[in-house]
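K.L.:
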Amino acid sequence: MFAIIKVILYALLIIGISYVVPGISIAGFWPTAVITGLAFALLNAIVRALLPDSFLFIFIAIILNAIAFWVLARYIPGFDVNSIMAAVIGSIIASIGVWIINQLL
Numbered sequence: 001m002f003a004i005i006k007v008i009l010y011a012l013l014i015i016g017i018s019y020v021v022p023g024i025s026i027a028g029f030w031p032t033a034v035i036t037g038l039a040f041a042l043l044n045a046i047v048r049a050l051l052p053d054s055f056l057f058i059f060i061a062i063i064l065n066a067i068a069f070w071v072l073a074r075y076i077p078g079f080d081v082n083s084i085m086a087a088v089i090g091s092i093i094a095s096i097g098v099w100i101i102n103q104l105l
């Protein structure tokens, strides 16, 4: 149940990012946002398992989240990232959102 809640929160985070960041768009909640949220949750779980919690981790997470946005946009139909700058801005917002989600859960 915990994992399902986390995936839904990540999907909502990605939808929110698509509204705030020009250059990132998503076509609907189901299935695009949920699939993107699931993939993003899996990538973040792997990164958190491999990297220790530190100040350096924040910068590495932002870079890896930007790469994740770019890669997910290439493989998930309906999720589009138009530029590297959009991916970086979305990554910064996503990193803050992921931190908040992890603190709440």
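Using our numbering, the first residue of the sequence shown is number 1, and each one after it goes up by one. Don't be surprised by glycine CBs; every beta carbon is placed ideally from N, CA and C.
#1: Report the rounded CA-to-CA distance for S83 versus I5, giving the unit in angstroms.
#2: If you follow the beta strand (DSSP E) that I24 is part of, which residue opens it and which one closes it?
#3: Can you say whether Y10 is buried or exposed, counting buried as having 16 or more other CB atoms within 10 angstroms of its CB?
#4: Below 8 Å on the Cβ atoms is my contact criterion, and I expect I58 with S95 to pass it. Report the Cβ-Cβ distance as a whole number of Å.
#5: Excluding the 5 residues preceding and the 5 following L105 in the sequence, name in chain order all residues of the same chain whose CB lies nearer than 6 Å to its CB.
#6: Taking C-beta to C-beta, are G78 and L13 nearer than 8 Å?
#7: Could you spell out where the alpha helix (DSSP H) holding F2 opens and where it closes?
#8: Express the C-alpha separation of G23 and N44 in angstroms, rounding to a whole number.
P.N.:
In terms of the structure at hand:
#1: Cα to Cα, S83 sits roughly 30 Å from I5.
#2: If you look at I24, you'll find it in the beta strand (DSSP E) that goes 24-26.
#3: With 16 or more other Cβ atoms within 10 Å, it is buried.
#4: Contact flag correct, Cβ pair sits at about 7 Å.
#5: The answer is none, since no qualifying residue turns up.
#6: Contact flag unset, no.
#7: From DSSP, the alpha helix (DSSP H) with F2 extends over 2-20.
#8: If I take the Cα positions, the gap works out to 22 Å.
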